[in-house]
Each structure stands twice: as C-alpha cells, then as structure tokens.
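Order-wise, the sequence lines are chains Y and G. The first sequence begins at 5 in the numbering used here and counts up by one. The second sequence begins at 84 in the numbering used here and counts up by one. Okay, structure first, notes after.
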Amino acid sequence: MASRRKVISRETGIEEKEYRWGFVIPIEEETVPKGLNEEIVRLISQKKGEPGWMTEWRLRAYRYWRSLGYVEPKWAKIYHPPIDYQDIIYYAAPPKESDRPKSLEEIDPELRRAFDKLGIPLEEQKRLAGVAVDAVLDSASVATTFQKKLEDLGIIFCPISEAIQKYPELVRRYLGSVVPYTDNFFAALNSAVFSDGTFVYVPPGVRCPMDLMTYFRINQAEVGQFERTLIVADRGSYVSYLEGCTAPIRKRHQLHAAVVELIALEDAEIKYSTLQNWYPGDREGRGGIYNFVTKRGICLGRNSKISWTQVETGSAITWKYPSVILKGDNSVGEFYSVALVNHRQQADTGTKMVHIGKHTRSTIIAKGISAGYGQNTYRGLVKIMPSADYARNFTRCDSLLIGNRCGAHTTPYLEVRNPTARIEHEATTSKISEEQLFYLISRGIREEDAQYMIVNGFCRGVFQELPFEFAMEVSQLLRVSLEGTVG
Amino acid sequence: MTQDVILEIRGLRAGVGDVEILKGIDLTIRLGETHAIMGPNGSGKSTLVNVLAGKPEYEAWAGQVTYKGRDLLQMPPDERAREGLFLAFQYPVELPGVRIREFLRAALDSIREHHGLDKLSVREFNRLLQEKAKEMGIDQDFLRRNVNEGFSGGEKKRHEIFQLLLLDPTLALLDETDSGLDVDALKIVADGINRFRGPQKAILLVTHYQRILNYVAPDYVHILIDGRIVASGGKELALEVEAKGYEWLRQTVGG
Chain Y
5 MASRRKVISR ETGIEEKEYR WGFVIPIEEE TVPKGLNEEI VRLISQKKGE PGWMTEWRLR
65 AYRYWRSLGY VEPKWAKIYH PPIDYQDIIY YAAPPKESDR PKSLEEIDPE LRRAFDKLGI
125 PLEEQKRLAG VAVDAVLDSA SVATTFQKKL EDLGIIFCPI SEAIQKYPEL VRRYLGSVVP
185 YTDNFFAALN SAVFSDGTFV YVPPGVRCPM DLMTYFRINQ AEVGQFERTL IVADRGSYVS
245 YLEGCTAPIR KRHQLHAAVV ELIALEDAEI KYSTLQNWYP GDREGRGGIY NFVTKRGICL
305 GRNSKISWTQ VETGSAITWK YPSVILKGDN SVGEFYSVAL VNHRQQADTG TKMVHIGKHT
365 RSTIIAKGIS AGYGQNTYRG LVKIMPSADY ARNFTRCDSL LIGNRCGAHT TPYLEVRNPT
425 ARIEHEATTS KISEEQLFYL ISRGIREEDA QYMIVNGFCR GVFQELPFEF AMEVSQLLRV
485 SLEGTVG
Chain G
84 MTQDVILEIR GLRAGVGDVE ILKGIDLTIR LGETHAIMGP NGSGKSTLVN VLAGKPEYEA
144 WAGQVTYKGR DLLQMPPDER AREGLFLAFQ YPVELPGVRI REFLRAALDS IREHHGLDKL
204 SVREFNRLLQ EKAKEMGIDQ DFLRRNVNEG FSGGEKKRHE IFQLLLLDPT LALLDETDSG
264 LDVDALKIVA DGINRFRGPQ KAILLVTHYQ RILNYVAPDY VHILIDGRIV ASGGKELALE
324 VEAKGYEWLR QTVGG
C-alpha cells in the first residue's frame with residue numbers, strides 16, 4: 005500500500021498523530037479537596053464570592069442529587085464502570101479569583117502560549133479576529149476578548165461567575181428555567197458544583213456583529229469540569245455562539261457534566277454550534293472524557309428560532325441531547341449533528357423537539373459515523389402537544405459504518421397528540437463501499453483522502469450549517485479522528 | 084521501437100475469487116496507438132481493464148504487466164493513476180455529498196504533486212475546469228452536482244470522458260464507454276476520446292459493439308473470447324465480426 009500520509013501541524017510544524025491536543029498546560033492551579041459534600045458546595049460558592057441565593061440554590065441542587073443515591077440514568081446505550089463521585093476534584097482554577105487578570109495583557113504568558121497552540125489566540129487581532137472568545141480552563145474563565153466592543157452594543161458576554169455578581173436579576177430569572185436541577189442526575193450535579201461557563205445576553209433588536217465563542221479546556225488530572233452556559237436573546241435579537249473543547253491525554257477517565265440553557269424571546273434567534281473534541285481515550289478505551297451534558301433551549305416568544313449544530317468527535321462516552329421546547333407560536337427548532345465514534349468510543353446522542361405552540365416547525369438532521377469498535381446511537385424524541393396545531397417535523401437520520409466491528413443504532417420516539425401534526429422520518433444505514441473508495445483511488449487520490457472525502461460528503465448537510473470559523477477546523481478534526489480506520 | 088511501448092502484457096492470467104477469467108493474455112500497446120478489444124458478454128473484457136487499473140477483487144494469478152517499464156501489478160492503484168493510467172468506468176458509482184469540483188481538485192492536486200508540480204491556483208483550476216467542461220458540453224450547473232449522484236447513464240459516461248480530458252493521463256482504459264448511449268451522446272463521448280488521442284497517448288477501448296469504432300477509429304482490434312485473444316487485426320476485423328458474429332470466430336479457433 006502507499007505510504008501513510010503525514011499530517012503536519014500548521015501551528016507547530018510537528019507531525020500530528022492521534023490526539024494532538026493532548027498536552028498539559030504547565031500552570032499552577034488551586035484545587036479543593038477530592039469528593040463532594042455540602043462543605044465542598046459551600047466552598048465553591050465561597051470561592052466565587054457568590055450571594056446567598058446562589059449558595060442556597062446550589063445546596064438545594066446538591067441535596068436533590070444526593071437523594072438520587074449515585075444512580076445515573078440507565079436508559080442510554082452506553083456502558084462504563086461505576087463512577088466514584090467521591091474520587092473527583094470538583095474545583096480547580098488558576099490562582100485566586102481576585103488574581104484573575106484584569107485585562108488581556110495581564111494573562112499568564114504560559115496560558116497564552118497554550119491557547120495559541122490550541123488555535124485559540126487570546127488576542128483580539130489574531131486569526132479569530134472576527135470572534136469574541138471566553139476561555140475556560142478547568143473551573144474558571146481565564147480570558148474574555150472583545151468585551152468592550154460588545155458592551156457598546158449592550159451585549160453582555162462574560163464568565164457566568166461574573167454575571168452572578170454583576171447581573172443577578174437576569175441570572176436569577178433564567179438560571180434553571182429551562183433545565184431545572186431536578187431535570188436529571190447530571191443536571192443536578194452540575195447545578196450543585198458548576199464553577200464557570202459563559203453568560204450571554206443580547207438586548208432587544210440587536211444583531212450580535214460577531215460570533216461569540218467559549219473554549220473549554222480540561223487541564224488538571226482527576227478534575228471534573230462542570231460548566232454552565234446561559235444565553236438569553238431578547239426580543240428581535242440574533243446571536244451565533246460557538247463552543248469548542250479539548251483535554252490532555254490522561255490514563256483515567258474524567259467527567260464533564262455541563263448544562264447549557266438557551267432562551268429566545270419573541271422574534272429572536274440563537275444559533276449554537278459545538279465542536280466537541282474532548283480526549284477520546286486510547287485505542288483500547290483507556291482514559292477519555294465522560295461527556296454527560298444537558299443542553300436545552302426554549303423558544304419562548306412567537307417567531308423565535310433556536311438552531312443547534314454539533315460535531316461530536318471526542319470523548320470516551322457522549323451522552324447529550326440538545327433540545328428545543330417550541331413554546332411560542334410559529335417558532336422553529338433545528339438540530340444538525342455529526343457524531344463520529346472510533347476505537348472504543350460510545351455516543352448516545354440526539355435531540356428532543358417538544359412542540360407546544362401552534363405552527364411550530366422542527367428539523368432534525370443527524371449523521372452518525374461508526375468506525376473501529378465504536379458504538380453510535382441516535383436517540384431522538386419528537387413530541388407534539390395537544391396545543392400544537394399544525395406542527396411540523398422533518399427528521400433525517402443517516403448512519404455510516406466503516407469496518408465491521410462497529411455499531412450504529414437508531415431510536416426515534418414519536419409522541420403525537422394533535423391530529424393536525426405532520427411528521428416525516430427518514431433513516432438510512434450504509435457502509436463505505438469498496439466501489440466508492442476505488443472510484444476515488446483510481447483517480448490518484450490516496451486511500452485515506454478518499455475515505456475522508458466520502459465521510460465529508462456524507463456529513464455535508466450538517467457541515468454547511470457550521471459558521472465559517474469552524475468549517476476548516478472540522479475538516480482537520482474529521483481527518484485526525486478517522487486516522488487508523490483504513491485497513 | 085521498444086521505448087515507445089507503454090504497456091506490455093505477457094501471459095496474464097487473472098480472476099475473481101476462485102474463477103479464472105483471463106487465461107493467458109499477450110498484448111503490446113505503444114504510444115500513439117488505439118487498441119479496441121471486442122468480445123461477447125463474459126469474455127473477460129472488463130476483467131482485463133479492472134486488473135490493469137488495480138481493482139481490489141480482481142487478482143492477477145500469473146504473467147507480467149509492464150507499464151512505462153515498471154511492474155504494474157506491484158504498483159498500488161492510486162499510484163498507477165498518478166503515473167498516468169486512467170480507467171473510464173462502465174458503471175461509475177455515486178458519491179453522495181462529494182462535489183465534482185472538490186473531487187477533481189483532489190485528483191488533479193495529487194497527480195500534480197506526484198510529478199513535482201505545484202498545485203494549480205483556484206483561478207488556474209477554474210479556467211481548466213471551464214475549458215474542459217466546454218469541450219464536453221458540460222454546463223456550470225452540472226459542475227455543482229455531486230459525483231455521479233442522480234446522473235443519467237449518458238451523463239455518467241460524459242462525466243468519465245470529461246475527467247479523462249481534465250486529468251490528461253497517458254494510457255486510457257475505456258470500459259464499454261459506449262454502452263447505453265444514444266447516437267448524439269455517443270458522438271459527444273467519441274469526440275472527447277478523439278480529442279484525447281495524440282502521439283504521446285494510448286487508448287485501450289473495450290466494447291461489445293462495433294458502433295463506437297465508426298467514431299473512434301482503432302489502430303488495432305483484438306477479439307477476446309473466453310479469456311483469450313483469439314484474433315487480432317485492423318479495423319476491418321471489427322466489421323467482419325459485426326457481419327458474422329462472435330460464433331464465427333469461436334468456430335475458427337476451433338474451441
């Protein structure tokens with residue numbers, strides 16, 4: 005066979021093999037003792053200097069979580085050894101909150117270099133010049149760019165810990181309004197211990213002029229990351245938000261349990277794009293992130309729209325169902341997803357579209373790619389409530405298999421309680437055929453490139469929904485994730 | 084004139100699985116020549132071009148194939164392509180979501196890189212694409228489609244010859260490129276093939292019918308029956324076969 009093509013990093017000039025984001029940032033971090041109890045919850049809240057209402061809310065969430073007796077939801081098609089929740093560090097952050105750099109110039113050079121290496125420069129004039137970035141390392145936000153420019157438009161884009169201090173009325177009103185802490189095991193855990201994340205508020209009638217991005221980085225060993233994102237788009241506003249994530253290579257599994265809540269008021273639109281690239285573990289399934297995430301948006305006002313686009317290539321296990329509650333009449337929900345599993349990765353992902361308002365419409369396009377021993381499940385619920393006259397849903401769900409040791413599973417749930425609803429569901433499962441590969445190879449294209457082109461073509465309907473900033477990144481990521489799947 | 088020999092096949096036996104299909108083929112092709120191989124269904128015509136192109140399930144069991152002085156059977160199929168071997172498929176496969184432009188760009192880049200040439204700029208590539216598209220009567224909308232997806236039979240064949248002109252190989256293997264075409268489509272495809280012909284090019288054209296040879300005049304015609312070349316000659320041989328049928332040759336050979 006032809007020699008394997010080398011992928012050389014644009015940033016470092018080093019050959020990229022396997023997971024190239026796997027380095028550790030050499031920075032001093034302060035951690036709290038391992039384990040979880042009321043004291044730890046209070047300590048986290050105290051470290052953040054939070055007001056009493058926030059501490060109380062966390063404690064209620066903690067007590068609810070304890071009442072569940074360490075029993076996670078069991079309905080997903082995922083398998084992992086029991087997680088010892090007392091063996092996790094729930095808080096780690098670079099020095100103290102009060103030492104947090106006041107301006108971008110004060111950022112630790114080591115940190116700056118590390119984020120540069122990740123392709124996320126923390127300087128406003130660099131490559132991502134058109135994107136405002138909030139960088140979160142383990143439990144704390146370390147830098148936020150373009151804040152001033154956004155402020156001038158009345159847009160709030162800041163770490164959620166800062167928002168709790170500065171905009172308590174907004175946070176109190178919306179935090180937990182879409183995902184209450186009683187929603188599920190991981191949402192309860194997150195509500196008790198979340199340490200940072202991003203808060204966005206776009207005022208009425210404002211179209212956010214740049215993409216907003218949060219880059220999540222797990223750095224410390226034995227740390228769990230529990231971030232919380234809250235995005236509120238007021239009447240007639242628009243915002244596009246991007247989320248990226250990576251973690252170092254560690255032998256042990258690490259837990260990531262985030263909660264994301266989106267609120268779109270009348271005529272508002274939120275476009276939320278994720279590039280999930282947590283460390284997936286090694287070929288034998290050692291290490292990797294357990295990505296147990298609750299993401300949900302509500303189209304609260306008439307004519308509002310929420311669109312989720314996700315590309316999931318990382319994590320040992322992904323358990324994630326970005327959903328939309330279509331409450332306002334004429335509101336629109338969209339879910340575009342590519343989930344790729346290779347080696348021993350498992351993904352159980354999909355969406356929920358809950359139609360409450362009249363003439364609400366939802367679209368679901370899910371593409372699952374399975375390679376190696378990977379197991380990929382699409383799980384989606386389309387629920388039409390009695391009030392949702394003339395609701396419409398279109399679902400398309402395609403699975404692509406590479407090799408014959410992987411698995412693809414599709415589990416759609418339909419609950420229709422209104423006779424005027426119109427629902428369409430299409431599903432396909434296919435393998436990359438030898439014929440297709442040979443066609444490309446016979447034109448001089450190398451086998452790996454040929455396979456990549458076929459997979460890329462398979463994902464086209466989703467990739468075209470991605471913002472420009474992510475498109476290049478995704479191509480590269482897909483290529484690396486597929487490495488080693490050519491026999 | 085051995086330096087003109089582009090392809091030399093000696094005693095080639097090949098098959099799929101346990102079934103032997105080619106039972107000893109000898110054939111020499113020189114630059115500038117067009118060879119037609121005719122034969123009834125199941126005679127091994129497609130097997131021959133697929134073995135030469137390196138399609139995985141087709142295995143060479145014995146014999147030698149020398150291409151540009153190198154052992155062709157030892158070369159991986161993508162390298163054969165980069166070295167100027169091109170197969171126009173009988174049944175081109177659909178590639179959902181893969182854009183024609185992106186596909187051709189990747190193919191051309193990898194061929195040029197192999198020959199130590201710089202990649203074409205977007206502008207140069209577009210110009211080349213337009214030029215070749217025009218030659219094949221292909222319009223802009225067509226170039227925005229996905230490779231072979233939803234193409235009619237005629238469009239698929241036309242697209243194969245379009246690729247031939249764009250990638251500009253040395254040796255073209257044409258696998259029943261004429262089948263399923265009406266007269267108008269056949270003319271366009273034949274025009275494309277003729278445009279490709281030249282002193283530094285060679286063609287091995289496989290066909291069931293004589294019809295395409297009215298448009299693409301071969302230098303040599305070989306009749307393949309049951310895995311063996313039973314007769315070779317000039318264009319007149321094709322006409323004779325058309326008049327008398329393959330049965331006539333089968334009997335002549337005294338099978």
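Even glycine gets a Cβ: it sits at the ideal position worked out from N, Cα and C. Only a predicted model underlies this, so the values are computations on that prediction, with no experimental measurement involved.
- For the pair arginine 421 of chain Y and tyrosine 456 of chain Y, the CB atoms are not nearer than the 8 Å cut-off.
- The C-beta of isoleucine 449 of chain Y comes closer than 8 Å to at least one C-beta of chain G.
- For aspartate 192 of chain G, the enclosing alpha helix (DSSP H) has its first and last residue at 183-197.
- Looking at the backbone, the Cα of glutamate 140 of chain G and that of glycine 263 of chain G are separated by about 25 Å.
- Listed by position along chain G, the residues whose Cβ is nearer than 9 Å to that of glutamate 438 of chain Y are Lys138, Pro139 and Glu140.
- Nearest CB-CB separation between proline 123 of chain G and chain Y: not below the 8 Å threshold.
- With contacts defined as CB atoms closer than 8 Å, isoleucine 159 of chain Y and valine 75 of chain Y fail to qualify as a contacting pair.
- With distances taken between CA atoms, glycine 240 of chain Y lies nearest to Y:Gly305 out of Y:Arg117, Y:Gly305, Y:Met58 and Y:Val315.
- In the assembly as shown, glutamine 147 of chain G is an exposed residue. Its beta-carbon has fewer than 16 other beta-carbons within 10 Å.
- Contacts between isoleucine 368 of chain Y and chain G, judged by CB atoms closer than 9 Å, are missing: the closest CB pair is about 18 Å apart.
- Under the DSSP assignment, aspartate 258 of chain G falls in the beta strand (DSSP E) whose first and last residues are 254-258.
- Look at the beta carbons and you see the region 230-238 of chain Y not touching the region 36-43 of chain Y: under three pairs across the two are nearer than 8 Å.
- By the Cβ test, the region 88-104 of chain G is not in contact with the region 213-226 of chain G, since fewer than three Cβ pairs between them sit closer than 8 Å.
- Taking a Cβ-Cβ threshold of 8 Å, the residues of chain G close to methionine 457 of chain Y are Leu178, Val181, Glu185, Phe186 and Ala189, in chain order.
- Judged by their CB atoms, serine 374 of chain Y and isoleucine 406 of chain Y are nearer to each other than the 8 Å cut-off.
- If you draw a straight line from the Cα of arginine 165 of chain G to the Cα of glutamate 330 of chain G, it is about 40 Å long.
- For tyrosine 443 of chain Y, a Cβ of chain G is located within less than 8 Å of the residue's own Cβ.
- Look at the beta carbons and you see the region 408-428 of chain Y touching the region 383-390 of chain Y: at least three pairs across the two are nearer than 8 Å.
- Under the rule that a run must span 3 or more residues, the beta strand (DSSP E) segments found entirely inside the region 212-285 of chain G read 254-258.
- Between the alpha carbons of alanine 237 of chain Y and arginine 177 of chain Y lies a gap of roughly 13 Å.
- Here methionine 476 of chain Y is exposed, its C-beta having fewer than 16 other C-beta atoms within 10 Å.
- Each residue's CA atom was taken as its position, placing lysine 270 of chain G and histidine 291 of chain G some 17 Å apart.
- Distances from the CA of serine 403 of chain Y to each of Y:Ala139, Y:Trp57, Y:Cys463 and Y:Phe472 were compared; the closest alpha carbon is that of Y:Cys463.
- Around the beta carbon of alanine 326 of chain G, fewer than 16 other beta carbons sit within 10 angstroms, so the residue counts as exposed.
- By the rule that beta-carbons nearer than 8 Å mark a contact, proline 282 of chain G does not touch chain Y.
- The shortest C-alpha to C-alpha distance from glutamine 213 of chain G to any of G:Asp201, G:Lys202, G:Leu200 and G:Arg227 is the one to G:Arg227.
- Excluding its 5 nearest sequence neighbours in each direction, arginine 294 of chain G has C-beta neighbours in its own chain below 8 Å: Asp261 and Leu269, listed in chain order.
- Sorting G:Asn277, G:Arg210, G:Asn209 and G:Gln283 by C-alpha distance to the C-alpha of asparagine 297 of chain G places G:Asn277 at the top.
- Taking tyrosine 68 of chain Y as the centre and dropping the five residues before and after it, the same chain places the C-beta of Tyr185, Thr186 and Ala192 closer than 7 Å to its C-beta, in chain order.
- The criterion of a C-beta distance shorter than 8 Å is satisfied by leucine 256 of chain G and alanine 136 of chain G.
- Sorting Y:Glu54, Y:Trp61, Y:Asn41 and Y:Lys78 by C-alpha distance to the C-alpha of tyrosine 89 of chain Y places Y:Asn41 at the top.
- Within a 10 Å sphere around the beta-carbon of glutamine 151 of chain Y sit 16 or more other beta-carbons, which makes this residue buried.
- Contacts between leucine 250 of chain G and chain Y, judged by CB atoms closer than 9 Å, involve Arg447 and Gly448 in chain order.
- Taking 8 Å as the threshold, the shortest C-beta distance from isoleucine 194 of chain G to chain Y falls below it.
- Per the coordinates, the alpha-carbon of glycine 301 of chain Y lies some 34 Å from the alpha-carbon of glycine 376 of chain Y.
- In this structure, aspartate 258 of chain G and serine 126 of chain G do not form a Cβ contact; the two beta carbons are roughly 13 Å apart against a cut-off of 8 Å.
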